[in-house]
Amino acid sequence: MFDVDLIRKDFPVLSRELPGGRSLVYLDSGNSSQKPNQVIDTMRDHLAHHYSNVGRAHHTLGAESTAAYEDARDAVAAFVSAPSRDEVIFTKNASEALNLVAYAFGNPIATDERFRVGPGDEIVVSEMEHHSNIVPWQLLAQRTGATLRWFKVTDEGRLDLDDLNDLVNERTKIVSIVHQSNVLGTVNSVSPILARVREVGALMMLDASQSVPHMPVDVTELGVDFVAFTGHKMVGPSGIGVLWGRRELLEAMPPFLGGGEMIEAVWMDRSTYAPIPHKFEAGTPPIVEAIGLGAAANYLTGIGMADVRAHEKELTGYALDALGEVPGLKVIGPRTNISRGGTISFTLKNLSGDDIHPHDVGQILDDAFGIAVRVGHHCARPLHLRFGIPATTRASLYLYNTTDEIDALARGLHHVQKVFG
Amino acid sequence: MIAESMYQELILEHYKHPQGRGLRDPFDAEVHHVNPTCGDEITLRVKVDEGKVLDVSYEGQGCSISQAAASVLHELATGATVEESLGVVDEFTRLMQGRGQVEADEDVLGDAVAFAGVAKYPARVKCALLSWMAYKDAVVRSA
């Protein structure tokens, strides 16, 4: 039984007081989520009683650390229904996971035809991407002479698939798009794009940083080739991210970073590499962070991702209604509570019809009411250019948020309009 | 409320009624500065004659702090000597970078002293400084 009051008790920060006696209204989980005691305690316990290096320390602590680190991999694999634990690569964050794949393409040591990229080849992203799913592909295009192309976004904030058959064609090597937009909240429908990707023999990657924390995600069901996500947005720590990839592709890819533990044998002039996942985990990994992420996955599984999604859907509907009643507020993204998550970005005017800059909105919400939102372009500048606006204010919801907090946001926005009236 | 110490009435006044806004001819130098973290932008022109600032004109977009700061800058710099105005820029920069610990020299800063509260918000200091740094740059280029 999903009980938001009980869940809030798991997150110590939610009951803290801000300077000036304000209580905290945390509506910035799309930026980074808060952490429950179950994650904090697991990490503290590991540091206090078990910590050592993983994979290379042949003593009791090393064995305990290695077991905990690999158990975390099992937990993450189970969380996204990965067919094999070996397909779960720990990275620093989602950006590194995206870069890892981008750097596998056009790498001269890649022998597999699917990863050869040169002039005439095409890479496809979309206009609603976070910079971390744009820049690595721009760099790939610059390295190889390939062409970067992108899906457009409709006025409602959905992917425009009208050009699908032209955009994804025989020259396409990879399509990489966001599963749930970090600005619009839009949840993209994967299957029509994937069907076309398969038709032309390309590969497909999903940036699932904003979907894996908020809904049940089954990588097999999605059917794509690569999925990237990050720990800190799913009640886990920062410094740990995940790349899931299909085994045969990961095995065909060249290593990304070279270093300790990613090798099988090293001579002065050459090396052979460890099997996956360790082939892609050079150097001492973020051990305690990975263990914390495992705890986070188990915590969310214990609550039930279907229930998390249902709670957020209810909150999103409530928030869309409440914000819809604020005069001069315009939601950037779907206004209907269909195929969208609990990330709501908007612009705000005062009652005379003048724009109020999101920085001013965010500052008043924080200083006067303790409401934490994100303001700016949210690392999605091209999307803001598409809508002809420099910035938005973004409220992003999670399992611990309540309708009372949304009411507080609406009241706060009315106050902002008074200050800048 | 903390916000009230930052959003001084004078800042809001300048924001709602910006002084000297709009790009004008003639000018000796034009610069374009951006704040990449928030997307605030300003295009600023200066007209200087015999060491005297004849006009500071600007066009930009951004939050109340960045827009009000440009308006105050226009008022303080226009009609002053280049040397005086750069003295004000230095004092304003010192105040903004002082993390709220610096006592402002009101004789030098005039209305700009209203921004003292902004210095306590590291994320907003760049907003206040955007037009002032653009002005400094433009003056150098006009020489």
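So the sequence lines, in the order shown, correspond to chains A and B.
Using the numbering used here, the first residue of the first sequence is number -1, and each one after it goes up by one.
Using the numbering used here, the first residue of the second sequence is number 3, and each one after it goes up by one.
Heads up, the beta-carbon is just placed ideally off N, CA and C, and yes, glycines get one too.
Keep in mind the model is a prediction, meaning the values are calculated, not measured.
Please name the residue, chosen from the options, that lies closest to residue i on a Cα-to-Cα basis.
i	options	result
B:Gly89	B:Glu32, B:Ala114, B:Cys65	B:Ala114
A:Lys231	A:Leu321, A:Asp26, A:Leu22, A:Val185	A:Asp26
A:Phe418	A:Val264, A:His357, A:Arg83, A:Arg6	A:His357
A:Ile387	A:Asp3, A:His355, A:Ser31	A:His355
A:His375	A:Ser179, A:Arg14, A:Asp8	A:Ser179
A:Ala66	A:Asp43, A:Pro81, A:Ala80	A:Asp43
B:Ile67	B:Gly53, B:Gly100, B:Val50, B:Gln10	B:Gln10
B:Asn37	B:Cys65, B:Val141, B:Thr95, B:Ser144	B:Cys65
A:Arg268	A:Ile274, A:Pro275, A:His276, A:Gly256	A:Gly256
Could you give the residue range of the beta strand (DSSP E) that holds residue i?
i	result
A:Phe224	224 to 228
A:Ser343	341 to 347
A:Thr270	269 to 271
A:Val2	Element bounds for A:Val2: not the beta strand (DSSP E) but the alpha helix (DSSP H), 2 to 8.
A:Gly243	239 to 243
A:Arg392	390 to 394
A:Trp148	145 to 151
A:Ala436	Outside the modelled stretch of chain A, which goes from -1 to 419, sits residue 436 of chain A, for which no answer is possible.
9 angstroms is my cut-off, CB to CB: does residue i come that close to chain B?
i	result
A:Leu26	Note on residue identity: the sequence assigns Asp, not Leu, to residue 26 of chain A. By this cut-off, A:Asp26 is not an interface position.
A:Ala389	yes
A:Phe418	yes
A:Ile132	no
A:Pro356	yes
A:Gly410	no
A:Asp365	yes
A:Gly351	no
A:Gly374	yes
Need the endpoints of the alpha helix (DSSP H) that residue i sits in, please.
i	result
A:Arg379	379 to 384
B:Glu61	Not the alpha helix (DSSP H): B:Glu61 falls in the beta strand (DSSP E), residues 54 to 63.
B:Val141	124 to 144
B:Asp51	No alpha helix (DSSP H) contains B:Asp51, which is instead part of the beta strand (DSSP E) from 42 to 51.
A:Asn91	It is not in any alpha helix (DSSP H) - A:Asn91 carries neither H nor E in the DSSP assignment.
A:Phe367	356 to 367
B:Glu32	Per DSSP, B:Glu32 belongs to no alpha helix (DSSP H); it is in the beta strand (DSSP E), 31 to 37.
Does the CB of residue i have a neighbour CB from chain A at under 9 angstroms?
i	result
B:Gly102	no
B:Glu43	yes
B:Ser73	no
B:Thr80	no
B:Tyr60	no
B:Gly23	Rather than Gly, the amino acid found at residue 23 of chain B in this sequence is Arg. B:Arg23 does not count as touching chain A.
B:Ser66	yes
B:Met8	yes
B:Tyr137	no
B:Leu14	yes
B:Gln63	yes
B:Thr39	yes
B:Arg47	no
B:Met3	Since pLDDT at B:Met3 reaches only 44, below the 50 mark, its modelled position is unreliable, and the value read off the structure follows with that caveat. Taking Cβ atoms only, chain A reaches closer than 9 angstroms to B:Met3, which makes this a yes.
B:Ala130	no
B:Ser133	no
What does a CB cutoff of less than 6 angstroms around residue i pick up in its chain, not counting 5 residues either side in sequence?
i	result
A:Glu403	Val23
B:Val58	Val48, His76, Ala79, Thr80
A:Asp205	Asn131, Val176, Ala226
A:Leu347	First, the amino acid is wrong: residue 347 of chain A is Lys here, not Leu. Taken in chain order, the residues that qualify are Gly326, Asp353.
A:Arg141	Gly104
With C-beta atoms as the reference, is residue i less than 9 angstroms away from residue j?
i	j	result
A:Pro10	A:Ala294	no
A:Ser130	A:Leu159	no
B:Leu14	B:Ala71	no
A:Ile172	A:Met126	no
A:Gly360	A:Ser394	no
A:Lys90	A:Ile191	no
A:Ala37	A:Tyr297	The residue you asked about is not Ala; residue 37 of chain A is Val in the sequence shown. Yes, the Cβ-Cβ distance between A:Val37 and A:Tyr297 is below 9 angstroms.
B:Gly62	B:Glu86	no
A:Ala280	A:Pro253	yes
B:Ala121	B:Gly102	yes
A:Leu407	A:Val373	no
A:Gly368	A:Leu16	yes
A:Thr64	A:Val52	yes
A:Arg147	A:Ile121	yes
A:Leu363	A:Val329	no
A:Glu420	A:Arg379	Because chain A spans -1 through 419 in this model, residue 420 of chain A falls outside it and cannot be assessed.
A:Val306	A:Val78	no
Quick one: residues in its chain with C-beta nearer than 7 angstroms to the C-beta of residue i, no 5 flanking neighbours on either side, listed in chain order?
i	result
B:Met3	Bear in mind that a pLDDT of 44 at B:Met3, under 50, signals an unreliable position, so the number given afterwards is only what the model happens to contain. Nothing listed; no residue qualifies.
A:Ala200	Val166, Thr170, Lys171, Ile172, Val173
A:Met303	Met213, Pro214
A:Gly221	Leu192
B:Ala5	The predicted position of B:Ala5 is uncertain, since its pLDDT is 48 and thus under 50; a value taken from the coordinates is nonetheless stated next. Cβ within range, chain order: n/a, list empty.
Got a sec? Which residues, its chain only, sit under 8 angstroms from residue i by beta carbon, not counting five neighbours each side?
i	result
B:Val127	Met98, Gln99, Val120, Ala121
Measuring only between beta-carbons, confirm whether residue i sits less than 9 angstroms from chain D.
i	result
A:Arg141	Looking for chain D here will not work: the only protein chains present are A and B.
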